[in-house]
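A.B. asks: Here the protein sequences come in this chain order: A and B.
Residues 103 to 322 in the working numbering are what the first sequence lists, from first letter to last.
Residues 103 to 322 in the working numbering are what the second sequence lists, from first letter to last.
Here a beta-carbon is modelled for each residue, glycine too, at the ideal position from N, C-alpha and C.
No experiment lies behind these values; they were computed from the predicted model shown.
Protein chains: 2
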Amino acid sequence: MTMGASKRRILEHAAAVASTDGLERVTIGRLAEDLGMSKAGLYGHFGSKERLQLETVAIGREIFRRHVIAPAEQAPAGLPRLWALCTAYLAYVAAGVFPGGDFFVTVANEYDTRTGPVHDEIAAAITIWMRRLEGVIVDAVELGHLSPCDPAQLAFEIEALLVAGNHVYHLDNDPRALELARAGIARRLEDLRTPGTPALAGWSTPERGRQEQAESLERR
Amino acid sequence: MTMGASKRRILEHAAAVASTDGLERVTIGRLAEDLGMSKAGLYGHFGSKERLQLETVAIGREIFRRHVIAPAEQAPAGLPRLWALCTAYLAYVAAGVFPGGDFFVTVANEYDTRTGPVHDEIAAAITIWMRRLEGVIVDAVELGHLSPCDPAQLAFEIEALLVAGNHVYHLDNDPRALELARAGIARRLEDLRTPGTPALAGWSTPERGRQEQAESLERR
DNA sequence: CCTACCGATCGGTAGG
DNA sequence: CCTACCGATCGGTAGG
């Protein structure tokens with residue numbers, strides 16, 4: 103999409119605000135003040151709050167594609183690409199590409215029980231992401247990397263762990279959440295990996311000392 | 103907590119609204135209009151928006167305890183109780199106890215990157231829930247129901263699947279999401295179940311016939 | 001892009 | 001519990 107530099111600057115800031123506070127709090131007055139321009143000047147780029155929200159979702163998709171999808175496309179098809187998608191997602195969260203973590207987790211939770219164009223656009227973006235996961239899983243099975251399995255079930259489980267990693271990472275401000283997500287996905291994929299297929303980088307759980315395990319038991 | 107009937111009615115409505123639209127949209131004017139009272143009359147019960155939010159979180163915890171924790175306490179300790187917690191959670195979502203699904207998923211996502219007393223109260227409630235999951239997992243291992251495992255890791259994975267089930271159920275308006283969550287948890291627990299321990303009700307995937315199911319259990 | 005507005009709604013208060 | 005109000009902020013508009 104062709105877009106002026108000013109409009110792009112507005113939308114990138116809007117996406118950053120939405121990732122922490124939600125699309126509802128992306129108000130025209132707040133954006134204008136943050137960016138040092140007038141409300142009416144900013145408003146003129148969009149014509150309605152809903153258009154601003156829809157264009158914010160669109161730029162969120164663009165940033166997600168650049169930081170998660172595109173890097174993983176470099177990996178070989180099948181299991182390596184599936185694992186690359188997972189590690190790229192976790193890296194995107196850890197790097198703070200959006201200050202509130204995964205943009206789509208925040209806005210999807212905000213709009214999951216609402217109706218209208220903004221809900222539909224968010225749901226469509228997530229459906230496309232899930233179809234991509236499922237497609238890469240199908241490839242991995244057809245290439246003999248993984249034992250036969252239900253792609254929708256496996257994609258659901260992987261997405262659940264990724265999203266939970268993002269969520270707990272921010273709620274508890276604890277980077278170990280991303281490690282829990284990585285370990286859960288690695289274990290699930292390891293169980294499905296066929297004998298001839300090599301394991302991948304960062305696959306195994308880092309060694310945990312006996313003391314740390316005992317503490318984990320005590321903490322309950 | 104002692105509480106007048108009027109205040110309880112306000113808070114139960116506030117929790118219902120928060121589960122769909124978030125705590126931010128639980129405004130004093132909206133509650134007053136919904137309940138047919140004046141803003142000032144409603145406001146007087148709380149004294150500040152933050153107090154209203156904190157008391158809404160408290161009543162959300164009470165309702166969660168009644169619908170998820172208490173029923174599962176009836177099940178025997180160990181694996182049966184762990185499975186009862188999971189099925190009680192999914193039933194609580196499916197039953198629409200809150201119109202927006204799990205109250206805590208909505209508000210935790212809303213507040214995960216904020217600071218202050220409301221964030222802290224939500225984070226504390228979720229920590230207590232996670233500690234409960236971990237404690238029941240430790241019991242299941244000590245009772246010999248499950249092979250030894252990292253309780254924090256398993257609790258994280260179970261919670262991830264439960265929350266994803268709730269989330270996708272509402273985002274796509276598709277009840278199969280809860281079945282994906284149930285199946286994912288069941289498979290994970292089945293892999294950890296020790297030979298002498300019986301499987302539990304609703305354990306297997308429905309698509310599989312009873313015969314295939316029985317064979318599958320024998321094979322292990 | 002701007003200044004200057006509009007009616008509606010926000011959290012909160014005064015006074016009863 | 002109520003009416004009546006406050007200043008701030010919301011999305012949006014008029015006019016340039």
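Closest to E261/A by C-alpha separation, out of M105/B, A142/B and L282/B, would be which residue?
C.D. replies: For E261/A, the nearest C-alpha among the options comes from L282/B.
A.B. asks: Excluding the 5 residues preceding and the 5 following G267/B in the sequence, name in chain order all residues of the same chain whose CB lies nearer than 6 Å to its CB.
C.D. replies: Here the set comprises A279, L280 and A283.
A.B. asks: Below 7 Å between beta carbons: does that hold for T122/A and T296/B?
C.D. replies: Going by C-beta atoms, T122/A is not nearer than 7 Å to T296/B.
A.B. asks: Where does S306/A land, buried or exposed, given buried means 16+ other C-beta within 10 angstroms?
C.D. replies: Looking at its Cβ environment, which holds fewer than 16 other Cβ atoms inside 10 Å, S306/A is exposed.
A.B. asks: Are the beta-carbon atoms of V238/B and R183/B separated by less than 7 Å?
C.D. replies: Closer than 7 Å, so yes.
A.B. asks: Rounded to a whole number of angstroms, what is the C-alpha to C-alpha distance between P201/A and G106/A?
C.D. replies: So the alpha carbons of these two residues sit roughly 24 Å apart.
A.B. asks: Residues in the stretch 245–266 of chain B with C-beta within 7 Å of chain A's C-beta atoms, listed in sequence order?
C.D. replies: Per Cβ criterion, the list reads D252, P253, A254, Q255, F258, E259, E261, A262, L263, V265 and A266.
A.B. asks: Can you have a look at A142/A and say buried or exposed, based on whether 16 or more other CB atoms are within 10 angstroms of its CB?
C.D. replies: Label assigned to A142/A: exposed.
A.B. asks: State the Cα-Cα distance for the pair P253/A and L264/B, rounded to the nearest angstrom.
C.D. replies: In a straight line, the C-alpha of P253/A is about 19 Å away from that of L264/B.
A.B. asks: Is it buried or exposed, E116/A, if we count other Cβ atoms within 10 angstroms and call 16 or more buried?
C.D. replies: It should be pointed out that residue 116/A corresponds to Ala in this sequence rather than to Glu. So A116/A ends up on the buried side.
A.B. asks: Measuring straight from C-alpha to C-alpha, what distance separates S318/B and Q176/A?
C.D. replies: With a pLDDT of 42 at S318/B, under the threshold of 50, the modelled position of that residue is not reliable, and no figure is offered here.
A.B. asks: Does any residue of chain A bring its CB to less than 7 Å from the CB of G131/B?
C.D. replies: No, because no Cβ of chain A sits closer than 7 Å to the Cβ of G131/B.
A.B. asks: Go through its chain and collect everything with a Cβ distance to G138/A's Cβ below 6 Å, but skip five positions before and after it.
C.D. replies: Correct list: empty, nothing qualifies.
A.B. asks: Residues of chain A with a CB under 8 Å from the CB of V159/B: which are they?
C.D. replies: Here the premise fails: no neighbours, minimum Cβ distance about 14 Å.
A.B. asks: Let me know if T158/A comes out buried or exposed under the rule of 16 or more other beta-carbons within 10 Å of its beta-carbon.
C.D. replies: Label assigned to T158/A: buried.
A.B. asks: Sort out for me which residues DSSP pairs L248/B with in a bridge.
C.D. replies: Answer is R295/B.
A.B. asks: In the DSSP assignment, find the alpha helix (DSSP H) that holds P253/A and state where it starts and stops.
C.D. replies: It spans P253 to L273 - the alpha helix (DSSP H) in which P253/A sits, taken as one unbroken run.
A.B. asks: DSSP three-state call for L302/B: helix, strand or coil?
C.D. replies: Coil, per DSSP.
A.B. asks: When the Cβ atoms of the stretch 286–305 of chain B are set against those of the stretch 241–257 of chain B, are three or more pairs found closer than 8 Å?
C.D. replies: At 8 Å Cβ cutoff, the stretches touch.
A.B. asks: Quick one: Cα of I230/B to Cα of E223/B, how far?
C.D. replies: Answer to the nearest angstrom: the Cα atoms are 11 Å apart.
A.B. asks: Return no unless some Cβ of chain B is closer than 7 Å to the Cβ of L282/A.
C.D. replies: Answer yes: the Cβ-Cβ gap between L282/A and chain B drops below 7 Å somewhere.
A.B. asks: Whole angstroms are fine: how far does the CA of P300/A sit from the CA of F205/B?
C.D. replies: When rounded, the distance between both Cα atoms is 43 Å.
A.B. asks: Taking Cβ positions, are L273/B and A225/A nearer each other than 7 Å?
C.D. replies: Their beta carbons are under 7 Å apart, which means L273/B touches A225/A by this criterion.
A.B. asks: Once you ignore the five residues that flank L256/B on each side, which residues in its own chain have a CB closer than 7 Å to its CB?
C.D. replies: Cβ neighbours of L256/B beyond the five flanking positions: I239.
A.B. asks: Can you confirm whether G311/B, when its beta carbon is compared against all beta carbons of chain A, has any partner nearer than 7 Å?
C.D. replies: Interpretation of G311/B is limited by its pLDDT of 40, a score under 50 that renders its predicted location unreliable; the figure taken from the coordinates is listed afterwards. Judged by the 7 Å Cβ criterion, G311/B is not in contact with chain A.
A.B. asks: Measuring CA to CA, which of A196/A, Q155/A, G131/A and I112/A is closest to P219/A?
C.D. replies: Closest option to P219/A, Cα to Cα, is Q155/A.
A.B. asks: What does a CB cutoff of less than 6 Å around A186/A pick up in its chain, not counting 5 residues either side in sequence?
C.D. replies: Around A186/A: A174 and A177.
A.B. asks: Between V170/A and G286/B, what straight-line distance do the alpha-carbon atoms span, to the nearest angstrom?
C.D. replies: Roughly 25 Å separates the two Cα atoms.
A.B. asks: By how many angstroms is the C-alpha of E292/B removed from the C-alpha of K70/B?
C.D. replies: Outside the shown range of chain B (103 to 322) lies residue 70/B, about which nothing can therefore be said.
A.B. asks: Would you kindly work out how many angstroms separate the C-alpha atoms of V195/B and R167/B, rounded to a whole number?
C.D. replies: Computed Cα separation, rounded: 13 Å.
A.B. asks: For the candidate residues I228/A, Y213/A and G180/A, whose alpha-carbon lies nearest to that of L302/A?
C.D. replies: Out of I228/A, Y213/A and G180/A, G180/A has the C-alpha closest to the C-alpha of L302/A.
A.B. asks: Determine the burial state of G124/A: buried for a count of at least 16 other Cβ atoms within 10 Å of its Cβ, exposed for fewer.
C.D. replies: So G124/A ends up on the buried side.
A.B. asks: At the level of alpha carbons, what is the spacing between D276/B and V270/B?
C.D. replies: The alpha-carbon atoms of D276/B and V270/B are separated by roughly 7 Å.
A.B. asks: With distances taken from CA atoms, which of R111/A, A288/A and F258/A is nearest I161/A?
C.D. replies: Checked all of R111/A, A288/A and F258/A; the closest Cα to I161/A is R111/A.
A.B. asks: Does A210/B get closer than 7 Å to chain A when you measure Cβ to Cβ?
C.D. replies: By this cut-off, A210/B is an interface position.
A.B. asks: Quick check: the Cα distance between H147/B and V199/A, rounded to an integer number of angstroms?
C.D. replies: Cα-Cα distance, rounded: 42 Å.
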